[in-house]
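Asks: Before anything else, here's the structure in question.
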Amino acid sequence: MDLKLSEIPINIKDLSLEVPERKTELPLGLTERDWNRFKGLLEHSRNEPNLDLYTSVATNMLLLAPSRKNQLSLGQEHFSIMYRHARETVLTPDPSSWQHLTLFLAKLKLLYPQNANQMDLNSLWPGMLNALKTDREQVDWQSSNADNQFFRFLEVAQAMKILVPEKESELELTEEVKRRCIRTGVKTLDEGEIYKFALLSFSSRILFPTESRIEPRREQFRVQEGSSAWSKMMVELAKLRRENLPPEADFGMFATLAAKMHALSAKELRITPNGLEIITGDSPKIPDMTKPSLPTLRKF
Numbered sequence: 003m004d005l006k007l008s009e010i011p012i013n014i015k016d017l018s019l020e021v022p023e024r025k026t027e028l029p030l031g032l033t034e035r036d037w038n039r040f041k042g043l044l045e046h047s048r049n050e051p052n053l054d055l056y057t058s059v060a061t062n063m064l065l066l067a068p069s070r071k072n073q074l075s076l077g078q079e080h081f082s083i084m085y086r087h088a089r090e091t092v093l094t095p096d097p098s099s100w101q102h103l104t105l106f107l108a109k110l111k112l113l114y115p116q117n118a119n120q121m122d123l124n125s126l127w128p129g130m131l132n133a134l135k136t137d138r139e140q141v142d143w144q145s146s147n148a149d150n151q152f153f154r155f156l157e158v159a160q161a162m163k164i165l166v167p168e169k170e171s172e173l174e175l176t177e178e179v180k181r182r183c184i185r186t187g188v189k190t191l192d193e194g195e196i197y198k199f200a201l202l203s204f205s206s207r208i209l210f211p212t213e214s215r216i217e218p219r220r221e222q223f224r225v226q227e228g229s230s231a232w233s234k235m236m237v238e239l240a241k242l243r244r245e246n247l248p249p250e251a252d253f254g255m256f257a258t259l260a261a262k263m264h265a266l267s268a269k270e271l272r273i274t275p276n277g278l279e280i281i282t283g284d285s286p287k288i289p290d291m292t293k294p295s296l297p298t299l300r301k302f
């Protein structure tokens, strides 16, 4: 009889939530308490029927601390369960199902790069490409709004690049796509939609790794540390941590924003056979939002 993901034994000791604060190699000033909150969320999400939250949390944790991958309990039996879930319960003729499948498999490849050849990506590629074409046709390419259609197109395109990087040319990442990224990036930042700005910047940097700036503000897809955009993201990250202090609170957005910021601060993002490699330098620290005064933002 097939096991469910939640039925596979794990090391309970690794999931302890009560540990003293101490200096770690975690980026962005993340603490062991933060990390154990992530592990608690990961364990909780193992019981979710569609496993989307589980793969998202695990991927964020892997991007933040690849050296701690062994703490994620990613056995081969987990891969079999999640891949079967993707093929049996996600995939239908509906284009939105193909989009869902693409995003799920991209996370699965990051978690299990050694199993990429078992995912049958070449036979799935035409269906993914057709779904991306449908998304492209629904986007208003003259707009600057951070609408769902545009974000979905970018998210699926960057997932496809991670899955099959040698077929990047088939994604048709034109100047029109790049210009829309620039306009929407500037608008989301101006309007204070910092979380969306981080998601957009992450996808943009994967899709356009050699692009150096978001005109006309000269904000970079790399989102350089010390820039006004970076300072705003650091404040947003601290806010999410503060607002989700109770152990039962949803820590997923905090984990997602932290992972995206860590990638954006990297010197280089490489798409490799293993998925995504983050080449980093020293990481900045999250400001302490428990104090009454907020950190001063640099303005340019």
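Counting the sequence shown from 1 gives a position; the working numbering is that position plus 2.
Positions of the beta carbon are idealized from the N, C-alpha and C atoms, including for glycine.
1) Of all the options G187, V188, T274 and V158, which has the alpha carbon lying nearest to the alpha carbon of L175?
2) Could you check which residue in S69, H264, E195 and L74 has the C-alpha nearest to that of N38?
3) Should V200 and K109 be called a contact, given that it needs their Cβ atoms to be closer than 8 Å?
4) At what residue ranges does the segment 44-73 contain a whole run of the alpha helix (DSSP H), taking only runs of 4 or more?
5) Whole angstroms is fine: what's the gap from F253's alpha carbon to H264's?
6) Using only the alpha-carbon positions, how far apart do G129 and A161 sit?
7) In three-state DSSP terms, what is G42?
8) Which of the three DSSP states, helix, strand or coil, is assigned to E27?
9) Could you check what DSSP says for E174 in three-state terms: helix, strand or coil?
10) What does the Cβ neighbour count give for L296, buried or exposed, with the cut at 16 atoms within 10 Å?
11) Return helix, strand or coil for L271, following the three-state DSSP convention.
12) Please identify the residue among Q151, L191, R243 and L113 whose C-alpha is closest to the C-alpha of V179.
13) To the nearest angstrom, how far is the alpha carbon of A257 from that of F204?
14) By DSSP, does G187 sit in helix, in strand, or in coil?
15) Would you mind sorting K135 into buried or exposed? The rule is 16 or more other CB atoms within 10 Å of its CB.
16) Rounded to a whole number of angstroms, what is the C-alpha to C-alpha distance between I280 and F155?
17) Does DSSP put G129 in a helix, a strand or coil?
18) Using 8 Å as the threshold, is the C-beta distance between T61 and L107 below it?
19) Take the Cβ of E139 as the centre, count every other Cβ of all protein chains shown within 10 Å, and call the residue buried at 16 or more, exposed below.
20) Pull up the CB-CB distance for I208 and L271, whole angstroms please, since I reckon it's below 8 Å.
21) Alpha carbon to alpha carbon, what distance is there between G31 and L43?
22) Taking all protein chains shown into account, decide if S58 is buried (16 or more other Cβ within 10 angstroms of its Cβ) or exposed.
23) Just checking my contact of L239 with A260 at CB under 8 Å: how many whole Å lie between their CB atoms?
24) According to the neighbour-count rule (16 or more other Cβ atoms, all chains shown, within 10 Å of its Cβ), is D137 buried or exposed?
25) For G77, count neighbouring C-beta atoms within 10 Å of its own C-beta (all shown protein chains included) and say buried if the count is 16 or more, exposed if not.
26) Verify whether the separation of the beta carbon atoms of W100 and A133 is less than 8 Å.
27) So, is W143 buried or exposed, given that buried needs 16 or more other C-beta atoms within 10 angstroms?
28) How many Å lie between Y56 and E50 at the Cα?
Replies: With the structure as the only source:
1) Answer by Cα proximity: V158.
2) L74
3) Correcting the residue identity first, residue 200 is Ala in this sequence and not Val. No, the pair does not count as a contact, with Cβ atoms beyond the cut-off.
4) 54-66
5) Between F253 and H264, the C-alpha separation is close to 17 Å.
6) 14 Å
7) helix
8) coil
9) coil
10) With a pLDDT of 46 at L296, under the threshold of 50, the modelled position of that residue is not reliable, and no figure is offered here.
11) Here L271 sits in strand by DSSP.
12) With distances taken between Cα atoms, V179 lies closest to Q151.
13) Approximately 14 Å, taken between the alpha carbons.
14) helix
15) With fewer than 16 Cβ atoms within 10 Å of its Cβ, K135 is classed as exposed.
16) 23 Å
17) helix
18) No, these two residues do not count as a Cβ contact at 8 Å.
19) exposed
20) 6 Å
21) 19 Å
22) buried
23) 6 Å
24) buried
25) exposed
26) yes
27) exposed
28) Those two C-alpha atoms are separated by around 8 Å.
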